[in-house]
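See below for the structure under consideration.
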Amino acid sequence: MKRKVQITTTMALKRKSKQFKWQRKHLLGLRDLSAEEITYILDTATGFEQVSRRSVKKAPPLRGKVVVNLFFEDSTRTRNSFALAANRLSADIIEFTKKASSVSKGETLLDTARNLEAMGIDIVVVRHNAGGASRFLSRNIKACVINAGDGFCEHPTQGLLDVYTIRKIKGSLDGLKIAIVGDIAHSRVARSDMWAMTKLGAEVTFVGPPTLMPAQANLLPVKMSYCLDEVIEKVDVINMLRIQFERLGGNPFPSIREYSHYFGLTVERMKRAKSDILVMHPGPINRGLEIESEVADGRNSVILEQVTNGLAVRMAVLFLVNQAAAQQKG
Amino acid sequence: MKRKVQITTTMALKRKSKQFKWQRKHLLGLRDLSAEEITYILDTATGFEQVSRRSVKKAPPLRGKVVVNLFFEDSTRTRNSFALAANRLSADIIEFTKKASSVSKGETLLDTARNLEAMGIDIVVVRHNAGGASRFLSRNIKACVINAGDGFCEHPTQGLLDVYTIRKIKGSLDGLKIAIVGDIAHSRVARSDMWAMTKLGAEVTFVGPPTLMPAQANLLPVKMSYCLDEVIEKVDVINMLRIQFERLGGNPFPSIREYSHYFGLTVERMKRAKSDILVMHPGPINRGLEIESEVADGRNSVILEQVTNGLAVRMAVLFLVNQAAAQQKG
Amino acid sequence: MKRKVQITTTMALKRKSKQFKWQRKHLLGLRDLSAEEITYILDTATGFEQVSRRSVKKAPPLRGKVVVNLFFEDSTRTRNSFALAANRLSADIIEFTKKASSVSKGETLLDTARNLEAMGIDIVVVRHNAGGASRFLSRNIKACVINAGDGFCEHPTQGLLDVYTIRKIKGSLDGLKIAIVGDIAHSRVARSDMWAMTKLGAEVTFVGPPTLMPAQANLLPVKMSYCLDEVIEKVDVINMLRIQFERLGGNPFPSIREYSHYFGLTVERMKRAKSDILVMHPGPINRGLEIESEVADGRNSVILEQVTNGLAVRMAVLFLVNQAAAQQKG
Numbered sequence: 006m007k008r009k010v011q012i013t014t015t016m017a018l019k020r021k022s023k024q025f026k027w028q029r030k031h032l033l034g035l036r037d038l039s040a041e042e043i044t045y046i047l048d049t050a051t052g053f054e055q056v057s058r059r060s061v062k063k064a065p066p067l068r069g070k071v072v073v074n075l076f077f078e079d080s081t082r083t084r085n086s087f088a089l090a091a092n093r094l095s096a097d098i099i100e101f102t103k104k105a106s107s108v109s110k111g112e113t114l115l116d117t118a119r120n121l122e123a124m125g126i127d128i129v130v131v132r133h134n135a136g137g138a139s140r141f142l143s144r145n146i147k148a149c150v151i152n153a154g155d156g157f158c159e160h161p162t163q164g165l166l167d168v169y170t171i172r173k174i175k176g177s178l179d180g181l182k183i184a185i186v187g188d189i190a191h192s193r194v195a196r197s198d199m200w201a202m203t204k205l206g207a208e209v210t211f212v213g214p215p216t217l218m219p220a221q222a223n224l225l226p227v228k229m230s231y232c233l234d235e236v237i238e239k240v241d242v243i244n245m246l247r248i249q250f251e252r253l254g255g256n257p258f259p260s261i262r263e264y265s266h267y268f269g270l271t272v273e274r275m276k277r278a279k280s281d282i283l284v285m286h287p288g289p290i291n292r293g294l295e296i297e298s299e300v301a302d303g304r305n306s307v308i309l310e311q312v313t314n315g316l317a318v319r320m321a322v323l324f325l326v327n328q329a330a331a332q333q334k335g
Numbered sequence: 006m007k008r009k010v011q012i013t014t015t016m017a018l019k020r021k022s023k024q025f026k027w028q029r030k031h032l033l034g035l036r037d038l039s040a041e042e043i044t045y046i047l048d049t050a051t052g053f054e055q056v057s058r059r060s061v062k063k064a065p066p067l068r069g070k071v072v073v074n075l076f077f078e079d080s081t082r083t084r085n086s087f088a089l090a091a092n093r094l095s096a097d098i099i100e101f102t103k104k105a106s107s108v109s110k111g112e113t114l115l116d117t118a119r120n121l122e123a124m125g126i127d128i129v130v131v132r133h134n135a136g137g138a139s140r141f142l143s144r145n146i147k148a149c150v151i152n153a154g155d156g157f158c159e160h161p162t163q164g165l166l167d168v169y170t171i172r173k174i175k176g177s178l179d180g181l182k183i184a185i186v187g188d189i190a191h192s193r194v195a196r197s198d199m200w201a202m203t204k205l206g207a208e209v210t211f212v213g214p215p216t217l218m219p220a221q222a223n224l225l226p227v228k229m230s231y232c233l234d235e236v237i238e239k240v241d242v243i244n245m246l247r248i249q250f251e252r253l254g255g256n257p258f259p260s261i262r263e264y265s266h267y268f269g270l271t272v273e274r275m276k277r278a279k280s281d282i283l284v285m286h287p288g289p290i291n292r293g294l295e296i297e298s299e300v301a302d303g304r305n306s307v308i309l310e311q312v313t314n315g316l317a318v319r320m321a322v323l324f325l326v327n328q329a330a331a332q333q334k335g
Numbered sequence: 006m007k008r009k010v011q012i013t014t015t016m017a018l019k020r021k022s023k024q025f026k027w028q029r030k031h032l033l034g035l036r037d038l039s040a041e042e043i044t045y046i047l048d049t050a051t052g053f054e055q056v057s058r059r060s061v062k063k064a065p066p067l068r069g070k071v072v073v074n075l076f077f078e079d080s081t082r083t084r085n086s087f088a089l090a091a092n093r094l095s096a097d098i099i100e101f102t103k104k105a106s107s108v109s110k111g112e113t114l115l116d117t118a119r120n121l122e123a124m125g126i127d128i129v130v131v132r133h134n135a136g137g138a139s140r141f142l143s144r145n146i147k148a149c150v151i152n153a154g155d156g157f158c159e160h161p162t163q164g165l166l167d168v169y170t171i172r173k174i175k176g177s178l179d180g181l182k183i184a185i186v187g188d189i190a191h192s193r194v195a196r197s198d199m200w201a202m203t204k205l206g207a208e209v210t211f212v213g214p215p216t217l218m219p220a221q222a223n224l225l226p227v228k229m230s231y232c233l234d235e236v237i238e239k240v241d242v243i244n245m246l247r248i249q250f251e252r253l254g255g256n257p258f259p260s261i262r263e264y265s266h267y268f269g270l271t272v273e274r275m276k277r278a279k280s281d282i283l284v285m286h287p288g289p290i291n292r293g294l295e296i297e298s299e300v301a302d303g304r305n306s307v308i309l310e311q312v313t314n315g316l317a318v319r320m321a322v323l324f325l326v327n328q329a330a331a332q333q334k335g
């Protein structure tokens, strides 16, 4: 979409961010982070965005460092994004992809990580189907740990790239109304988004059928709606979650067709949205299912910008945790 | 094989090549290319061949560029060759290997490529089982696209390395008689070879059983033969295609043994060939099937030279498309 | 474990090592190597250990060289260790992992390697389920060959890292008593350990049930025992082999539980061991099976040190074979 980039970020936060010193050597989830910390990552990412626009897309800060992509679940997008980000910072990257074994997962994870650490790994980027896996790791090894998705808990770099994308276009998240639509119950993206967005001042509404809503949602800092048609007119940003067929059990909705009818983002439905609504999707898209192709490729879509920004955000996170580790060492 | 390297390349072409300016940011097929363009790639490859002979096998022209190996079909040889070529030019390489999903392939391919592009990929090397996949990509993304094999259409870098190998030994392709033997119908190598060889002045004969000949072969700039024994005595170069068991359906020949009997390159058959015939094979070899081991490893075989030259040719192609993209940008 | 590092290595050997000139461009097994050669590798590894402790973990000696990881058997640990070692020496690494095809393995292996060589590979790190595979390769290609495990024969870099770890802590292997416990018959680690340890002056005892002992063990330079309880009190080092379920056929022991009872390294059994015994394991550990968790993580365990040292040893081996190849060329 064509748009003017407004750089009217809340100046108060920015000033705070100047004095702020990043001190975490792990990034496990956005629930733990303050608004200042999130803003600091976003500001750092803005700087790194330049690197990717250069003809020689390389910066030296992680030269001689080793990043391991420790993925116990399939992923190409997030894995490649971290690999490229590490690469761009001149780190070496080791790909370590395997299915979690069915027994004694905790032990396997820990032994695997300890072994990698013994080989002199500096940063572990970990995805695991057990919630809390990255936190468990961070308590047991000395390397920096970045959570690239743990169970249904968090996927913090996705949350960060989402707020980065919104902030870049809207200038600030303060006071924005944001809908997150779909299978909230099984979405770590929804959780990380929720923490980042609300901490930066947005109002978040989870939208989906009751069967796909999280348990004890009333304890979360969000509104809830079972009707997309009621919400679509009011929001500044809409984030359409992917229907993850591989995670659905127990027939949470009668049919795909019915789901699309009530919760899909169609051209028809978009007619009632604000003209400058941002349409987001964490990818990969099921075209014609949770979102129609015309909308995914339309003027309000920022789906590919999200991918581009993901690289800058991941460079920032790799850079910051490494810096914190270096300061804590000496 | 021991031989004198004749450097008596057609000087007219060479002079043209000097004035010539490469302008394509994609390499999709050799059908599109002029003799000048093909010669220009070969001349560029000659320069890069030196790099691989150095003790430090590195040149800097693609430093900070990202090449993605986007392979929807299994490949180790071509994939590794491109990876090494990219590496040798100091590019970073991302491996992205996946089976084409059974539904909506076009969309998947496009979404995948758009995502990679959004991550700042500069060059996409793509192999896909759908003919025209690379052309489709080139029309829809801004990155450079290199076809590493699309369906039964083209495999242009294989064609280039084949003519490179012949030119290096024979000096020129002008007037040479070349037989391409085997499963022509399912061979993208045969097609790319045909275009490159005929454009450079060679006379090409497709040899194989009628069931493995292409439809409408009479429209192609080649001769046809169903009898290897009639052809073997006359040709300067013979390219033995691999029997691709995985692609054969409908029993195109009664038995492997019968196929080998009529179309295999045996020691016996070689006795009637010219003494300086070049024996080529795109690999991997089915020893004892389309070619006997003694012939594959014999003095006329240039099969391993083809592999070596493939690296130089791929370096040249990566270098040229990147240069064209840079010129078109600024 | 807390310990004083004694650097009282046998000075005689060290002096010899100074005059010594490494001349092998392949590392196929430790059976072939003299004590001087083994010591020379260990001394070289000591130097490289520093590189891994630097902030920028890079040294330039293999810049522009290409190392291929040619693994026909699954491996993450050894493969990653070689990749990191190559990386740290600034080499480029190509990953080539595939299951050995069921037919004509020899040919496939050779053709694969010849192709890689034709692409300008400098060093092939090969793991294959056929004993002698690396030796076969070394006789047929010009690149350097490093055996990363061949059948039940040898795994020389594991043997080297084991003696490196012992020497680093105990100062010397001369006169040490070492037990290697478990499935000796199917263990290439046991064989490489045996050669390295005995050549450096240690006394090695193989311990395990008779069904898991090697044939013609009386021809080997080791003692044998079928009773861990008889051996545990006397040894300075105990190396617990992994039970490799995937390799066991024919029910070599009545049950896992019974195996653990007689041959597992338990807390109970450790009470009768020397207080400064070194507990080793080549990994990955089956916790609670051949070794109890408390022992694996206990103060006598050097299991993670082995992993760390593996990197230094592999850097040394890559460095030395490359140097020998360069000297033999010019």
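Protein chains in written order, with this note's numbering: chain Y, 6 to 335; chain A, 6 to 335; chain W, 6 to 335.
All C-beta atoms, glycine included, are put in the ideal place defined by N, C-alpha and C.
Bear in mind that the values here come from a model prediction, so they are computed numbers and not experimental data.
Contact annotation: Ile128/Y and Ile151/Y have beta-carbon atoms nearer than 8 Å. Ser60/A belongs to the set of residues whose beta carbon lies under 8 Å from a beta carbon in chain W. Shortest Cα-Cα distance from Gly269/A to any of Glu299/A, Gly206/A, Asn92/A, Leu166/A involves Glu299/A. Chain W has no Cβ within less than 8 Å of the Cβ of Ala64/Y. Under the three-state reduction of DSSP, Ile126/W is assigned to coil, being neither helix nor strand. The Cβ of Ala321/W sits no closer than 8 Å to any Cβ of chain A. Boundaries of the alpha helix (DSSP H) around Asn314/A: 308-334. Judged by beta-carbon spacing, Val307/Y lies beyond the 8 Å limit of Val272/Y, meaning their Cβ atoms are not closer than that value. For Ser265/Y, the CB contacts under 6 Å within the same chain, skipping 5 residues up- and downstream, are Leu294 in chain order.
For Thr162/Y, no chain A residue has a Cβ inside 7 Å of its Cβ, as the nearest lies near 13 Å away.
At a cut-off of 8 Å, the C-beta of Asp281/Y has no neighbouring C-beta in chain W. DSSP, read as helix, strand or coil, puts Glu235/W in helix. A check of alpha carbon separations from Ile296/Y across Arg247/Y, Asn120/Y, Leu224/Y, Lys228/Y identifies Arg247/Y as the nearest. Rounded to the nearest whole angstrom, the CA to CA distance from Pro219/W to Phe250/W is 17 Å.
Taking 8 Å as the CB threshold, Thr210/W stays off the interface with chain Y. What Phe101/A touches in chain Y, judged by beta-carbon distance under 7 Å, is Thr81, Asn85, going in chain order. Identification of chain A residues near Leu316/Y by a Cβ-Cβ cut-off of 7 Å yields Met124, Gly125, ordered along the chain.
In the assembly as shown, Lys70/Y is a buried residue. Its beta-carbon has 16 or more other beta-carbons within 10 Å. Of the other Cβ atoms in all chains shown, 16 or more fall within 10 Å of the Cβ of Asn120/A; this residue is therefore buried. Just so you know, the alpha carbons of Lys147/A and Lys276/Y end up roughly 30 Å apart. Neighbours of Val326/W in chain A, taken as residues whose beta carbon is under 8 Å from its own, are absent, since the nearest beta carbon is some 15 Å off.
Residue state for His266/W is assigned as helix, using DSSP reduced to three classes.
Proximity of the stretch 210-228 of chain W to the stretch 184-193 of chain W meets the contact definition, three or more beta-carbon pairs being nearer than 8 Å. Nearest Cα to Ile46/W within the set Thr216/W, Phe76/W, Lys30/W: Lys30/W. Bridge partners of His133/A according to DSSP: Asp155/A. Buried is the label assigned to Gly34/Y, since at least 16 other Cβ atoms lie within 10 Å of its Cβ. Using a CB distance cut-off of 8 Å, Val150/W does not count as an interface residue toward chain A. Each residue's CA atom was taken as its position, placing Ala96/A and Val73/A some 10 Å apart. By the Cβ rule, the stretch 153-164 of chain A counts as touching the stretch 129-136 of chain A, because three or more pairs are nearer than 8 Å. The C-alpha of Asn223/A is placed about 9 Å away from the C-alpha of Met229/A. Shown here, Lys276/W sits in coil according to DSSP, grouped into three states, outside any helix or strand. Beta-bridge partners of Phe101/A (DSSP): Leu75/A.
Cβ-Cβ distances below 6 Å link Arg274/A to Ile237 in the same chain, with the five nearest sequence neighbours on each side left out; the list follows chain order. In terms of Cα proximity to Thr113/Y, the closest of Thr313/W, Lys334/W, Asn291/W, Val326/W is Asn291/W.
Scanning chain W for C-beta atoms nearer than 8 Å to the C-beta of Gly69/Y yields Arg59, Ser60, Val61, Lys62, Lys63, reported in chain order.
Pairing Pro259/Y with Ala301/Y, the inter-Cα distance amounts to about 25 Å.
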